[in-house]
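Quick note: the sequence shown uses my numbering, first residue 97, plus one each step. Every residue, glycine too, gets a C-beta built ideally from N, C-alpha and C. Here is the structure we will look at.
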Amino acid sequence: MKNQLIFTIYAYLVCLICVVIFIMNLIALVNPILNLRQPLLATNVYDLPKINGRSVSHEFRLDSEANFIADYQAERLACATASTPDKQVLTAGCLSGRVLPELSNEQLSMKYLETKELYIAAVNSSAWRSIISAVVAKLIAVVIFAIHMIWLRREGANNSKRLLKI
97 MKNQLIFTIY AYLVCLICVV IFIMNLIALV NPILNLRQPL LATNVYDLPK
147 INGRSVSHEF RLDSEANFIA DYQAERLACA TASTPDKQVL TAGCLSGRVL
197 PELSNEQLSM KYLETKELYI AAVNSSAWRS IISAVVAKLI AVVIFAIHMI
247 WLRREGANNS KRLLKI
């Protein structure tokens, strides 16, 4: 009888943990799905590729070509003036010792499109990895839950038969 109580508590705890894992992974799906819908507004993206040693995320604004060009020119100017100690500007590009070359508007447009495409591809890849991980965790939780519930029902039926024989 004591073993049966321990078994029942164990099985119900496993089922409860599976339900919690299922719900948490359901919540974890929200961010990657939103990132797929609007990759330029993505948050919590990991494993972004690097261009010239810097992550593509937040290197420059990618919402429009004009903003990208303005950010590029501003950082280029900041790095050029940061060579004197009294005018140091602490930006990631300047700290890494990178000096941005002067590019024509056509070259900047091409760089913008390349960077934007690379960033969108990285966000999509990260989002799909997160979605697949969450779905696999859900499937594992469902299988473990089902196995334990079937086990509980069988044991419950066996105990009922034993009680009826007494």
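Item, Value
"As assigned by DSSP and simplified to three states, the class of threonine 104", "helix"
"For isoleucine 117, the nearest candidate out of Glu251, Leu248, Val239, Gly252 (CA to CA)", "Val239"
"Stretch-stretch touch, CB-based, cutoff 8 Å, three pairs: the stretch 124-136 with the stretch 219-232", "yes"
"Within 7 Å, strictly: CB atoms of arginine 157 and asparagine 163", "yes"
"Same chain, Cβ closer than 6 Å to alanine 237, five either side skipped, listed in chain order", "Cys114, Ile117, Phe118"
"Chain-order list of residues whose beta-carbon lies under 7 Å from that of tyrosine 168 (same chain, five-residue window excluded)", "Phe156, Leu196, Leu204"
"Distance, cysteine 111 Cα to isoleucine 105 Cα", "10 Å"
"Top-ranked residue by Cα proximity to serine 222, from Ala107, Ala138, Met120", "Ala138"
"Environment of asparagine 201 [buried if 16+ CB atoms lie within 10 Å]", "exposed"
"Through-space distance from alanine 217 to isoleucine 165, alpha-carbon basis", "21 Å"
"Per-residue burial, tyrosine 208 [other beta carbons within 10 Å of its own, 16 or more giving buried]", "buried"
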